[in-house]
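K.L.:
Per my numbering, the sequence shown runs over residues 273 to 380.
Just so it is clear, CB atoms sit at the ideal spot from N, CA and C, and this is done for glycine as well.
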Amino acid sequence: MALTGNWVRVAAIDEIAAGSALGVTVGDLNLAIYHLDDGRVFCTDNICTHAFALLTDGWMEGTTIECPLHAGQFDVCTGKGLGAPIEEDLKSFPVRVEGGEIMVEIAN
Ligand code: FES
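1. What is the DSSP secondary structure of E359, counted as helix, strand or coil?
2. Using three-state DSSP, classify D317 as helix, strand or coil.
3. Return helix, strand or coil for I305, following the three-state DSSP convention.
4. For I288, report the span of its beta strand (DSSP E) as first-last.
5. For the region 305-323 against the region 282-293, are there 3 or more C-beta pairs whose distance is under 8 Å?
6. What would DSSP say about L326, mapped onto helix, strand or coil?
As structure tokens, then:
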């Protein structure tokens, strides 16, 4: 993956159908990239904060992703947990799309 400062290219927008999510790894990070129906793109940690499950193995509808393990839900735009059993929000990462390439800012 090409590194530009703290911005990392994670995928091409064409790799993620609108209304779906893609799991990627950047170093030790497991990230979920969300491509909303309205074209916006967001990124959060992909590992559920409740126990160990990859959110991209779950179900996305609108701006909500549902964990496949215990059905906890998060807002993909903010990482905010949306009720039990989730007690901790997901970390979210800034995203920009340039020339069809999705870039995520990873803090050092
Ligand atoms: S591991 Fe995700 S809701 Fe339990």
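P.N.:
Let's see:
1. coil
2. strand
3. The answer is strand: DSSP assigns I305 an E or B state.
4. Where I288 is concerned, there is no enclosing beta strand (DSSP E), given that its DSSP letter is neither H nor E.
5. yes
6. In this structure, L326 counts as strand in the three-state DSSP scheme.
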